[in-house]
Amino acid sequence: MGDLSRSLLDTCAAVDLAIRNGAERFVVLGHSFGGTVAVQAAGTFPHLVTGVITYATQSGGCEKATRMGETPLLLLHGKHDSILGPENSVMVQALAGHSDVRTFPNTDYLTSEVADKIAEITGEWVRERFDEHAGR
(Lines of atoms letter the chains of each structure in order from A; the text may use other names.)
(Lines give C-alpha, C1' and ligand atoms only; values in the text may rest on other atoms or scores of the structure.)
Protein backbone atom coordinates (compact mmCIF):
# COMPACT_ATOMS: atom_id res chain seq x y z
CA MET A 7 0.00 0.00 0.00
CA GLY A 8 1.27 3.47 -0.79
CA ASP A 9 1.68 6.25 1.73
CA LEU A 10 -1.95 7.29 2.26
CA SER A 11 -1.20 10.28 4.50
CA ARG A 12 1.25 11.76 2.01
CA SER A 13 -1.11 11.14 -0.91
CA LEU A 14 -3.97 12.80 0.95
CA LEU A 15 -1.75 15.81 1.68
CA ASP A 16 -0.95 16.01 -2.05
CA THR A 17 -4.68 15.93 -2.78
CA CYS A 18 -5.29 18.67 -0.20
CA ALA A 19 -2.66 20.81 -1.92
CA ALA A 20 -4.34 20.26 -5.30
CA VAL A 21 -7.75 21.15 -3.82
CA ASP A 22 -6.30 24.29 -2.25
CA LEU A 23 -4.73 25.35 -5.55
CA ALA A 24 -7.97 24.73 -7.44
CA ILE A 25 -10.01 26.72 -4.90
CA ARG A 26 -7.59 29.62 -5.09
CA ASN A 27 -8.15 29.56 -8.85
CA GLY A 28 -11.95 29.67 -8.62
CA ALA A 29 -13.08 26.03 -8.33
CA GLU A 30 -15.97 25.40 -5.97
CA ARG A 31 -16.77 21.69 -6.29
CA PHE A 32 -14.87 18.60 -7.39
CA VAL A 33 -15.34 15.10 -8.68
CA VAL A 34 -12.43 13.01 -7.41
CA LEU A 35 -11.20 10.01 -9.42
CA GLY A 36 -8.65 7.36 -8.56
CA HIS A 37 -7.33 4.03 -9.82
CA SER A 38 -6.22 1.25 -7.45
CA PHE A 39 -4.54 2.95 -4.45
CA GLY A 40 -5.73 6.24 -5.94
CA GLY A 41 -9.30 5.06 -5.36
CA THR A 42 -8.55 4.95 -1.66
CA VAL A 43 -7.12 8.46 -1.84
CA ALA A 44 -10.27 9.66 -3.66
CA VAL A 45 -12.55 8.12 -1.02
CA GLN A 46 -10.42 9.61 1.77
CA ALA A 47 -10.61 13.04 0.10
CA ALA A 48 -14.41 12.82 -0.08
CA GLY A 49 -14.55 11.82 3.59
CA THR A 50 -12.29 14.74 4.46
CA PHE A 51 -13.98 17.38 2.25
CA PRO A 52 -17.60 16.21 1.80
CA HIS A 53 -18.72 19.83 1.35
CA LEU A 54 -16.41 20.22 -1.68
CA VAL A 55 -16.63 16.82 -3.36
CA THR A 56 -19.67 16.36 -5.58
CA GLY A 57 -18.78 12.79 -6.55
CA VAL A 58 -16.14 10.05 -6.46
CA ILE A 59 -15.22 7.55 -9.15
CA THR A 60 -12.86 4.67 -8.45
CA TYR A 61 -11.32 2.29 -10.94
CA ALA A 62 -10.19 -1.11 -9.58
CA THR A 63 -9.89 0.31 -6.07
CA GLN A 64 -8.51 -1.46 -3.08
CA SER A 65 -10.70 -1.59 0.02
CA GLY A 66 -7.93 -1.06 2.59
CA GLY A 67 -7.93 2.55 3.74
CA CYS A 68 -11.47 3.23 2.52
CA GLU A 69 -13.00 3.35 5.99
CA LYS A 70 -13.75 7.06 5.48
CA ALA A 71 -16.40 6.00 2.98
CA THR A 72 -18.70 5.99 6.00
CA ARG A 73 -18.05 9.75 6.33
CA MET A 74 -18.87 10.69 2.74
CA GLY A 75 -22.44 11.61 3.62
CA GLU A 76 -24.57 11.58 0.49
CA THR A 77 -21.64 12.10 -1.88
CA PRO A 78 -22.30 9.88 -4.92
CA LEU A 79 -19.77 7.09 -5.45
CA LEU A 80 -19.24 5.12 -8.67
CA LEU A 81 -17.00 2.06 -8.42
CA LEU A 82 -15.81 0.56 -11.72
CA HIS A 83 -14.00 -2.77 -11.70
CA GLY A 84 -12.89 -5.49 -14.09
CA LYS A 85 -14.71 -8.71 -13.25
CA HIS A 86 -11.51 -10.73 -13.76
CA ASP A 87 -9.12 -8.42 -11.91
CA SER A 88 -6.50 -10.76 -10.42
CA ILE A 89 -4.62 -7.94 -8.63
CA LEU A 90 -7.46 -6.27 -6.71
CA GLY A 91 -10.58 -8.34 -7.24
CA PRO A 92 -13.99 -6.71 -7.66
CA GLU A 93 -14.87 -7.74 -4.10
CA ASN A 94 -12.82 -4.71 -3.03
CA SER A 95 -15.31 -2.39 -4.73
CA VAL A 96 -18.18 -4.32 -3.16
CA MET A 97 -16.61 -3.82 0.30
CA VAL A 98 -16.27 -0.08 -0.31
CA GLN A 99 -19.89 0.01 -1.47
CA ALA A 100 -20.92 -1.65 1.81
CA LEU A 101 -19.07 1.06 3.76
CA ALA A 102 -20.50 3.95 1.73
CA GLY A 103 -23.98 2.52 1.49
CA HIS A 104 -25.05 4.74 -1.41
CA SER A 105 -22.95 3.79 -4.36
CA ASP A 106 -23.04 2.08 -7.72
CA VAL A 107 -20.67 -0.80 -8.50
CA ARG A 108 -20.26 -1.68 -12.15
CA THR A 109 -18.17 -4.65 -13.19
CA PHE A 110 -17.00 -5.40 -16.69
CA PRO A 111 -16.84 -9.03 -17.88
CA ASN A 112 -13.65 -10.34 -19.48
CA THR A 113 -11.77 -7.36 -18.07
CA ASP A 114 -8.69 -7.21 -15.86
CA TYR A 115 -7.12 -4.73 -13.45
CA LEU A 116 -6.39 -2.04 -16.04
CA THR A 117 -9.79 -2.38 -17.77
CA SER A 118 -8.02 -1.51 -21.03
CA GLU A 119 -10.38 -3.88 -22.87
CA VAL A 120 -13.24 -1.46 -22.21
CA ALA A 121 -11.35 1.84 -22.04
CA ASP A 122 -13.73 3.63 -24.43
CA LYS A 123 -16.79 2.46 -22.50
CA ILE A 124 -15.25 3.52 -19.18
CA ALA A 125 -14.34 6.93 -20.61
CA GLU A 126 -17.94 7.34 -21.80
CA ILE A 127 -19.39 6.29 -18.42
CA THR A 128 -16.96 8.60 -16.59
CA GLY A 129 -17.75 11.63 -18.75
CA GLU A 130 -21.50 11.12 -18.46
CA TRP A 131 -21.37 10.55 -14.70
CA VAL A 132 -19.23 13.65 -14.09
CA ARG A 133 -21.58 15.81 -16.20
CA GLU A 134 -24.56 14.50 -14.21
CA ARG A 135 -22.90 15.42 -10.89
CA PHE A 136 -22.22 18.97 -12.01
CA ASP A 137 -25.70 19.32 -13.51
CA GLU A 138 -27.15 18.20 -10.15
CA HIS A 139 -24.97 20.70 -8.32
CA ALA A 140 -26.02 23.48 -10.69
CA GLY A 141 -29.68 22.57 -10.13
CA ARG A 142 -30.39 21.64 -13.73
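Residue 12 in the working numbering sits at position 6 of the sequence shown, and the numbers go up by one each step. Glycine included, every Cβ here is placed at the ideal spot set by N, Cα and C.
Going by C-alpha distance, which of Leu101, Gln64, Ala20 and Val33 is nearest Pro52? Residue mapping note: residue 52 aligns to position 46 of the sequence shown, counting from 1. Looking at the Cα atoms, Val33 is the closest of the given residues.
Could you pull out every unbroken beta strand (DSSP E) segment of at least 3 residues lying fully inside the region 16-103, listed in chain order? Here the runs fully enclosed are 32-37, 55-61 and 79-84.
Could you spell out the range, first to last residue, of the beta strand (DSSP E) harbouring Lys106? Here the question's residue 106 lines up with position 100 in the sequence shown. Checking the displayed sequence, the identity of residue 106 turns out to be Asp instead of Lys. Bounds of the beta strand (DSSP E) holding Asp106 are Ser105 to Phe110.
Give the secondary structure of Leu116 by DSSP, where H, G and I count as helix, E and B as strand, and everything else as coil. In the sequence shown, residue 116 corresponds to position 110, counting from 1. DSSP places Leu116 in coil when its eight states are reduced to three.
Give me, in chain order, the residues of the same chain whose beta-carbon lies closer than 7 Å to that of Thr17; leave out the 5 immediate sequence neighbours on both sides. Walking along the sequence shown from the start, residue 17 turns up at place 11. Closer than 7 Å at Cβ, skipping near neighbours: Val43 and Ala47.
Suppose you measure from the CA of Thr144 to the CA of Gly36; what does that come to, to the nearest Å? Residue numbering for the chain in the displayed model covers 7 to 142; residue 144 lies beyond these limits and cannot be assessed.
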